[in-house]
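For the sequence shown, our numbering gives the first residue as 216, with consecutive numbering after it. Comments concern the structure below.
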Amino acid sequence: MSEPHIRKVRPDELEEVWWVHVASSNDLLVRRGRPAMRPADAPVASDARAGLASDPDGYFCAVEEGQIRGMVSALVRARVWYLSMFFVLPGDQGRGLGRALLERALAYGEARGTEIRCTWATLDPRAQARYVMAGMAPRWPIYRLEGDGAAVTRLKARAGLDPRERELPCDPGAAEKLTAEVFGHGRADDLAHWRGDGGAAVAIERGGELAAFAYRRGERIGPAAGRDETALLQAVAAAAVAGAGVGGSVTMRVPGACISLLEALVSCGFRIGDPTLFMASRLFGRPELYLPSGPILY
Ligand SMILES: CC(C)(COP(=O)(O)OP(=O)(O)OC[C@H]1O[C@@H](n2cnc3c(N)ncnc32)[C@H](O)[C@@H]1OP(=O)(O)O)[C@@H](O)C(=O)NCCC(=O)NCCS
């Protein structure tokens, strides 16, 4: 067998690389006794396209005998290096491809002068081992939560939503500023991507100031950010009310750091799915005030 060759992903290879991701994550689910999430021919997620567009120098694949067998994608957002995707084909795991891929992704972060490493990890021991060895410690679980119409109605009552606070248009500049406050940097390009990807935003205002916002794409909620936990809950509830009107149920990924949001959602009847894990070399920002968009862009 020839030695693996690690090289950058070209834009025309995005489908092939995405297929490695889908095959590997479906295999992991089946190994854990769960049904596969995505069909094998699932189209490339728009967030993965955005990742290649923003960080073409952090996207690598492992090629062996002419076939792409593994992939990694790292994003740099100011001083934060975020590992976005890391997958090796099921038959090729456990023999060093991941190590070689991650080395290149880490070197990309070093070259860009980042100070913090973090990722959203599966519970796969090989992934966990690689992340711990790269200096990232497990911090808290991230739960997938799903709420049906009844749960959303209870959440709306719990958040004490004023009817005037529903679907207030959210000023992009104010959302960038608030994101910078809770996350440490503005992420203007990511917010623009989510808006362009069919994202609808709701804003909670207090005294003419943005207190919280939440983005929603179809039935998925996130990112959302708030000046405090009450405002964050109100924005998430407002987005859930709008989302449930469209599809009946809504989903979001809630980090364990968002303690009051998590408690409110579960108490209102949102159902907890499989947990994943937030891992970071150190903590930054105000993690209790930020609901991520999803695993690919955080
Ligand atoms: C995670 C993944 C990309 C790693 O790639 P890989 O090629 O399998 O990884 P490697 O062979 O380079 O490294 C695996 C490491 O885990 C270690 N390991 C395996 N099981 C372990 C365990 N139970 N405890 C501790 N270490 C363990 C191995 O010893 C190896 O470390 P070493 O190189 O220092 O010996 C791959 O396994 C994968 O695709 N997994 C399924 C999808 C997934 O969970 N992806 C992560 C998304 S966040």
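Quick reminder that beta carbons are idealized off the backbone N, C-alpha and C, glycines included. Since the structure is predicted, the reported quantities are computational estimates derived from the model, not experimental observations.
In the assembly as shown, S299 is a buried residue. Its beta-carbon has 16 or more other beta-carbons within 10 Å. Counting the other Cβ atoms within 10 Å of the Cβ of H408 gives 16 or more, which makes it buried. For G313, the uninterrupted alpha helix (DSSP H) segment begins and ends at 312 to 326. Taking a 10 Å sphere around the C-beta of G266, we find 16 or more other C-beta atoms and assign the residue as buried.
At a cut-off of 6 Å, the beta-carbon of V347 does not count as near ligand 1: no heavy atom of the ligand is closer than that. Short note on S299: C-beta not closer than 6 Å to any heavy atom of ligand 1. Annotation for D262 indicates a beta carbon at 6 Å or more from all heavy atoms of ligand 1. When distances are taken from the beta-carbon of L243 to the heavy atoms of ligand 1, the shortest one is below 6 Å.
Excluding residues up to 5 positions away in sequence, R373, L448 lie with their Cβ nearer than 6 Å to the Cβ of A479 in the same chain.
Rounded to the nearest angstrom, the Cβ distance from V278 to L229 is 15 Å, too far for a contact under 8 Å.
For L370 and I221, the gap between their C-alpha atoms comes out near 48 Å.
Between ligand 1 and F302, a heavy atom-to-CB distance of less than 6 Å is present. Using a cutoff of 6 Å, the CB of R486 does not count as near ligand 1, since none of the ligand's heavy atoms is closer than that.
At a cut-off of 6 Å, the beta-carbon of R341 counts as near ligand 1: some heavy atom of the ligand is closer than that.
Excluding five sequence positions before and after G285, the CB atoms of its chain that fall closer than 6 Å to its own CB belong to A277, V303, L312, L316, given in chain order. Taking 6 Å as the cut-off, one finds no heavy atom of ligand 1 near enough to the beta carbon of Q282.
Residue environment for G437: buried (at least 16 other C-beta atoms within 10 angstroms of its C-beta).
The Cβ atoms of S496 and M351 sit closer than 7 Å to each other.
According to DSSP, residue pairing for R432 in a beta bridge involves R435. Taking all protein chains in view, the Cβ of M467 is crowded by 16 or more other Cβ atoms within 10 Å, so the residue is classified as buried. The C-alpha of G364 lies about 42 Å from the C-alpha of E330. When rounded, the separation of the alpha-carbon atoms in G401 and P387 is 11 Å.
A straight line joining the alpha-carbon of E424 with that of L321 spans about 39 Å.
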